[in-house]
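Residue numbers (UniProt numbering): 1 to 132. Data first, discussion second: the structure below is written as structure tokens.
So this is what it looks like as structure tokens:
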């Protein structure tokens with residue numbers, strides 16, 4: 001595991017701000033030559049500290065005007081109910097994220113929809129039909 005020294009921390013911060021930053025730009029901002037910068041970056045990737053890169057989309061420009069945080073409480077926790085819930089979460093495009101929580105609720109979902117009618121339809125057709 002590479003040490004997260006000040007240079008690696010700065011490199012990671014730069015990439016979080018702009019994941020498409022070139023190695024030349026990274027090395028310039030870090031005040032180092034390109035080869036050592038590239039080696040640091042590759043070590044961080046190889047050791048799983050950097051898991052990947054992504055594009056952040058503007059949901060509103062995609063016609064998804066509603067974002068909801070949905071708390072779910074499960075009444076069944078057996079293997080079949082859990083597998084069904086996992087399948088729904090993984091295959092439903094409205095669900096952006098699912099977090100296992102503690103306390104009164106079991107999960108927190110981040111859900112998007114075109115509008116409130118679309119959200120209501122999603123809740124009725126998907127969430128309320130989940131077993132347990």
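C-beta: ideal position from N, C-alpha, C; glycine also.
Hey, how far is the Cα of residue 16 from the Cα of residue 103?
31 Å
Since residue 23 is in the beta strand (DSSP E), which residue starts that stretch and which ends it?
Unbroken run through residue 23 is the alpha helix (DSSP H), 23-30; no beta strand (DSSP E).
With a threshold of 6 Å on Cβ separation, who are the neighbours of residue 84 within its own chain once the five nearest residues in sequence on each side are excluded?
131
Does DSSP put residue 8 in a helix, a strand or coil?
In this structure, residue 8 counts as helix in the three-state DSSP scheme.
With the cut-off set at 8 Å, would you say residue 113 and residue 64 are in Cβ contact?
yes
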